[in-house]
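Every position in the sequence shown, counted from 1, becomes a number in my numbering once 7 is added. Each residue gets a CB set at the ideal place from its N, CA and C atoms; glycine is no exception.
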Amino acid sequence: MINNSSTDFVISLKYNHLSQQFTKYFGVILYIVCFFGTMMNVLTFMQRTYQRRACTLYLLVASICDLIHLNFGPLSNILQYGFDYDWTINSNAFCKLKSYIVFVFTVLSATLTTIASADRYVLSSRKTARWKLSTRSIALRCILFSIVFWIVFAIPVIFCSIRLNHSSHNEQLICSNSSQQISCLLLQIIYTCIFNGFLPPLVMLYFGILTCTNARHLRHRTLSASARIRQINYQLTLMLILQTIKSSFASLPFSVFNCYLLITLNLKKSPLYQAKENLVNQVVYLLFWSNYTSFFVYVYSSDIFRYQCLRAIKKLTCRFYRGQQRQLYYHRSELRYLTANASIIEEKYKPSQIL
């Protein structure tokens, strides 16, 4: 028994070390990729070509939410599990605030992306009365309502988030939902498994299937529009359909495993079993991050998006180059002025003679 328990302990340490190294190296690379892609989404959807469409307005705000979430959720996870650095500053108040922000922006991004999928279905519908729902004014109202709704609805997260010991990490304190009380357990099931897991990809799949069904009608209906508008609408629909498929593969394993953790919460588990669970948890959590790689899906599926992306990069490069040139011009002008008026300046600031 002693040999078996000691062997299990050694193996559990190896699993924990593997989990830490996996989070440290793969997590850092994935964070950089997601951060770059999200930034490019924001810059691209701000281009004039996309500004008048309700769908891209949803995707723009969703990308901004992703950018905020990346720096509160995944980044803290990398620092916590990969580098043993707790950035909650040993404060329960900061832990509660961080958990609240992470949940609000995560679920808000998923909500807006789902509404964008519904918007594509509305535009592909044969009922012309539905087309009026796809306008910027209605999009702004939906975005505002979603923000207010989730800010209010997520308040219970604050009360259930505390710092607790994590048995798979040498009793290290982490910021999480304790799930000890029935109310917090139900909250974890509703928020993590449903709102952040099953519901968004399933709803997006539903609207994606309906949009594909109406795709032929969409092409016939848009023949009266210009070729440019027809191409933009078609490629936006394709972008969201591919994003829906990717989100399903990314979110569903995360939801299933979290449901499993909640079901087996009160079961006694050995350190080795907990170490294996922790490794799987880190893998599905990092897989969930692939929701924030939508930029590469958009680049692959839309040549208009690629063109607008390159255009955004060129604009940034030109602004940076012009700023450097302007600063260099000011320095040269100042140098020429000092050189031309050296004698006057020297006489003006010459120390007075003491008689």
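Where residue i and residue j are concerned, what is the direct C-alpha to C-alpha distance, given to the nearest angstrom?
| i | j | result |
| --- | --- | --- |
| Y22 | C72 | 33 Å |
| L140 | D126 | 8 Å |
| A167 | I196 | The amino acid at residue 167 is misidentified as Ala; the sequence shows Cys. Going by the C-alpha atoms only, they are around 13 Å apart. |
| Q58 | F29 | 40 Å |
| L317 | F261 | 34 Å |
| T244 | N273 | 45 Å |
| C364 | N78 | Residue 364 lies beyond the residue range present for the chain, which begins at 8 and ends at 362; the question has no answer from this structure. |
| T251 | P207 | 9 Å |
| I402 | L279 | Summary: the structure shown does not reach residue 402, with the chain confined to residues 8 through 362, and so no result is reported for it. |
| S309 | Y241 | 9 Å |
| L194 | I165 | 11 Å |
| Y38 | K134 | 43 Å |
| P217 | Y128 | Inspection of the sequence shows that residue 217 is occupied by Leu rather than by Pro. Those two C-alpha atoms are separated by around 7 Å. |
| F43 | L130 | 31 Å |
| F205 | A319 | 35 Å |
| V306 | D15 | 47 Å |
| K321 | Q281 | 50 Å |
| L104 | L82 | 15 Å |
| M47 | D91 | 30 Å |
| L192 | C200 | 11 Å |
| S231 | Y213 | Residue placement at S231 is poorly supported in this model, since its pLDDT is 49, which falls under 50; the coordinates are not used for a value here. |
| I75 | C325 | 27 Å |
| L147 | Y107 | 23 Å |
| S255 | L323 | 34 Å |
| R80 | S277 | Note that residue 80 is Gly in the sequence shown here, rather than Arg. So the alpha carbons of these two residues sit roughly 28 Å apart. |
| Q238 | H24 | 50 Å |
| F152 | R55 | 25 Å |
| F302 | S144 | 26 Å |
| Q27 | C266 | 23 Å |
| M211 | L249 | 10 Å |
| W138 | L293 | 38 Å |
| Y314 | Y65 | 20 Å |
| I154 | F160 | 10 Å |
| I150 | G215 | 21 Å |
| L259 | L269 | 15 Å |
| K275 | S70 | 41 Å |
| S175 | S132 | Here S175 scores only 47 on pLDDT, less than 50, and its place in the model is too uncertain to base an answer on. |
| K283 | I189 | 26 Å |
How many whole angstroms separate the CB atoms of residue i and residue j, which I take to be in contact at a CB cut-off of 8 Å?
| i | j | result |
| --- | --- | --- |
| V287 | K253 | Actually they do not touch by this definition, with Cβ atoms about 21 Å apart. |
| T271 | N203 | About 19 Å; that fails the 8 Å criterion. |
| L247 | A117 | Wrong, their Cβ atoms sit about 13 Å apart, outside the cutoff. |
| V68 | L119 | 6 Å |
| T142 | A61 | 6 Å |
| F52 | T63 | 5 Å |
| I169 | N99 | 6 Å |
| V291 | F312 | The Cβ separation is near 29 Å, so there is no contact. |
| N285 | A257 | In fact, because the Cβ distance is near 20 Å, the residues do not count as touching under 8 Å. |
| Y198 | F295 | No, Y198 and F295 are not in contact; Cβ-Cβ is about 14 Å, not under 8 Å. |
| Y88 | Q289 | 7 Å |
| T220 | C41 | Not really, about 32 Å apart at Cβ, beyond 8 Å. |
| L115 | W157 | 5 Å |
| P85 | V35 | Residue identity differs from the one stated: residue 85 is Ile in this sequence, not Pro. Right, the Cβ-Cβ distance comes to about 6 Å (below 8 Å), so this counts as a contact. |
For residue i, which residues does DSSP report across the bridge?
| i | result |
| --- | --- |
| S106 | In the DSSP output, where bridge partners are listed per residue, S106 has none listed. |
| I311 | None, per the DSSP bridge assignment. |
Practice prompt. Identify every run of the alpha helix (DSSP H) within the segment 14-64, keeping only runs that are complete inside it and at least 4 residues long; order them along the chain.
Written response: 34-52
Discussion item. Extract the residue ranges of the alpha helix (DSSP H) inside the segment 72-160, only unbroken runs of 4 or more that lie entirely within it.
Written reply: 81-84, 99-131, 135-138 and 143-160
Fill in: Contiguous alpha helix (DSSP H) assignments of at least 4 residues, all confined to the segment 261-319
278-295 and 301-308
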